[in-house]
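Asks: I have a structure I would like to understand better, so I am pasting it below and will then ask my questions one at a time.
Residue numbers (UniProt numbering): 1 to 90.
Right, here's the structure in full:
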């Protein structure tokens with residue numbers, strides 16, 4: 001079993017292009033089903049997840065390929081989702 005604090009300590013690596021995406025800043029949880037739906041990583045240009053662009057990496061649970069000791073390997077084809085696009089989905 002892995003805790004949310006454990007997830008925050010692991011670096012996210014995209015297997016598609018080998019890019020380091022950063023560290024988990026937030027977790028999207030489905031309370032009805034009791035599961036994690038997505039990991040959210042601050043996008044490029046953000047400092048401490050606060051300052052910078054409004055683009056984040058939103059990594060759906062099915063895009064996670066392996067959770068290792070130090071890193072989380074993901075397969076992201078569309079790497080950046082803007083917060084505006086995410087709000088339109090909801």
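C-beta atoms are modelled at their ideal positions from N, C-alpha and C, and glycine is treated no differently.
Can you tell me which residues form a DSSP beta bridge with residue 72?
Replies: Within the chain shown, residue 72 is the residue found at index 72, counting from 1. Answer is 12 and 67.
Asks: At which residues does the beta strand (DSSP E) containing residue 60 begin and terminate?
Replies: For the purposes of this step, residue 60 is identified with residue 60 of the chain shown, where counting begins at 1. Start and end: 55-60.
Asks: Closest to residue 56 by CA distance: which of 42, 66, 69 and 64 is it?
Replies: The count along the chain shown starts at 1 and reaches residue 56 at position 56. Comparing Cα-Cα distances from residue 56 to each of 42, 66, 69 and 64, the minimum goes to 42.
Asks: To the nearest angstrom, report how far apart residue 36 and residue 21 are at their CA atoms.
Replies: Taking the first residue of the chain shown as position 1, residue 36 is located at position 36. Taking the first residue of the chain shown as position 1, residue 21 is located at position 21. Looking at the two C-alpha atoms, the distance is approximately 19 Å.
Asks: Measure how close the beta-carbons of residue 12 and residue 24 come, nearest whole angstrom, since I'm counting them as under 8 Å.
Replies: Counting from 1 along the chain shown, the entry for residue 12 is found at position 12. Counting from 1 along the chain shown, the entry for residue 24 is found at position 24. 7 Å between Cβ atoms; contact.
Asks: Out of curiosity, what's the CA-to-CA distance linking residue 47 and residue 8?
Replies: Within the chain shown, the letter at position 47 stands for residue 47. Within the chain shown, the letter at position 8 stands for residue 8. Low confidence applies to residue 47: its pLDDT is 49, below 50, so where it sits in the model is not reliable enough to give any reading.
Asks: Using the C-alpha atoms, what's the distance from residue 26 back to residue 60?
Replies: Numbered from its first residue, the chain shown carries residue 60 at position 60. Numbered from its first residue, the chain shown carries residue 26 at position 26. Take the alpha-carbon of residue 60 and the one of residue 26: they are about 12 Å apart.
Asks: Going by C-alpha to C-alpha distance, which of 76, 74, 62 and 38 sits closest to residue 4?
Replies: Here residue 4 refers to the residue found at position 4 of the chain shown. Among 76, 74, 62 and 38, the Cα nearest to that of residue 4 is on 38.
Asks: For the beta strand (DSSP E) that residue 29 lies in, which residues bound it at each end?
Replies: Reading the chain shown from its first residue, position 29 is the one you call residue 29. Per DSSP, residue 29 belongs to the beta strand (DSSP E) from 26-30.
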